[in-house]
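To start, the structure under review is shown below, and the notes come after it.
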Amino acid sequence: MGKIIWAAWIFLILMLFAVLIYHHNSSWQRYENNRLGFFIEYPKDWMVLNDDDSSVLISNTPGDKWAHGVGIPGISGGMWVFIRPDPFCRDSDYESDFDSDFAFDKFFCEDGFSLNLGFVQNDNPNSQKKTLKDIANSFQVIPRR
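All you need for the numbering used here is the position in the sequence shown, starting with 1, plus 132.
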């Protein structure tokens with residue numbers, strides 16, 4: 133009888149993980165760039181603003197809402213992820229944070245890419261940081277064949 137209860141608990145935990153993974157994946161989309169060699173996941177209400185041979189910019193803010201000359205969204209809550217290949221950027225080479233009452237900006241290296249993530253603060257900067265962390269954690273380099 134004890135083994136059946138133990139098995140039921142394991143099954144219940146596995147089902148909970150499956151539901152959580154499905155919920156996350158159903159509200160997020162995957163962007164894959166075979167030319168640059170990576171994929172990343174981001175919320176479905178975000179969009180790819182730039183995709184060229186040298187970089188990719190993904191944001192929750194349309195391009196016409198960006199502050200001209202500043203390089204960040206011009207509205208509260210605007211968020212971005214900028215990815216570019218950088219052969220000199222190693223995992224532990226460099227990481228920096230800029231955190232103010234107005235904006236947050238983080239730069240780090242991952243597998244030969246530099247990632248810049250940031251936002252213009254709204255009333256819930258912790259939620260914004262969590263979203264950016266989840267996006268960054270989904271970043272994967274596609275192995276070259």
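For glycine and all other residues, C-beta sits at the position ideal for the given N, C-alpha and C.
**Study point:** Cα-Cα separation between residue 177 and residue 222, rounded to whole angstroms
**Key:** Sequence index remark: in the sequence shown, residue 177 carries index 45 (1-based). Sequence index remark: in the sequence shown, residue 222 carries index 90 (1-based). The straight-line gap separating the alpha-carbon atoms of residue 177 and residue 222 is approximately 31 Å.
Review point. Counting along the chain, where does the beta strand (DSSP E) carrying residue 217 start and finish?
Key: Position 85 of the sequence shown, counted from the start, is the residue given in the question as residue 217. Counting along the chain, the beta strand (DSSP E) containing residue 217 begins and ends at 211 to 217.
Point to revise | Close beta carbons around residue 160, own chain, < 7 Å, minus the five adjacent residues each side | key: Taking the first residue of the sequence shown as position 1, residue 160 is located at position 28. The answer, listed in chain order, is 173, 174, 175, 176.
**Study point:** Between the CA atoms of residue 162 and residue 155 - distance to the nearest angstrom
**Key:** For the purposes of this step, residue 155 is taken as the residue at position 23 of the sequence shown. For the purposes of this step, residue 162 is taken as the residue at position 30 of the sequence shown. Confidence at residue 155 is low in this model, with a pLDDT of 45, below 50, so its placement is unreliable and no value can be given for it.
Exercise for review: Please name the residue or residues paired with residue 98 in a DSSP beta bridge.
Suggested key: Absent from the structure is residue 98, since the part of the chain shown begins at 133 and ends at 277.
Review point. Can residue 250 and residue 212 be called in contact, C-beta distance under 8 Å?
Key: Translated into positions along the sequence shown, residue 250 becomes position 118. Translated into positions along the sequence shown, residue 212 becomes position 80. Going by C-beta atoms, residue 250 is nearer than 8 Å to residue 212.
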